[in-house]
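Numbering (the numbering used here), first residue to last: 818 to 912.
Every residue, glycine too, gets a C-beta built ideally from N, C-alpha and C.
Owing to the predicted nature of the structure, the values given are computational and were not obtained by experimental measurement.
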């Protein structure tokens, strides 16, 4: 009778260990899934930031191009006079 009691206690203990191992594995899987979701969110945020930076760079380039066109239309004809170089550029600028 004493050996049967020890055997049943050991079986209960082993079952309990398996139960705790299952709980630990489930928590580890949940933590890993949460970490993966957080990493995906961080990657999405980084992609959005990169897209915003690219848009800002494009806007700056457009502004620079407009400033260059304004400089060519206003400053160049006033500074040139009737030099041959300016006369050759004039049809390109004022078409």
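Any non-hydrogen atom of the ligand GDP within 6 angstroms of residue i CB
{"i": "residue 880", "result": "As far as ligands go, the structure on display features none, and thus does not contain the ligand GDP."}
Same chain, Cβ closer than 6 angstroms to residue i, five either side skipped, listed in chain order
{"i": "residue 840", "result": "none"}
Residue i to residue j span [Cα, whole Å]
{"i": "residue 861", "j": "residue 888", "result": "40 angstroms"}
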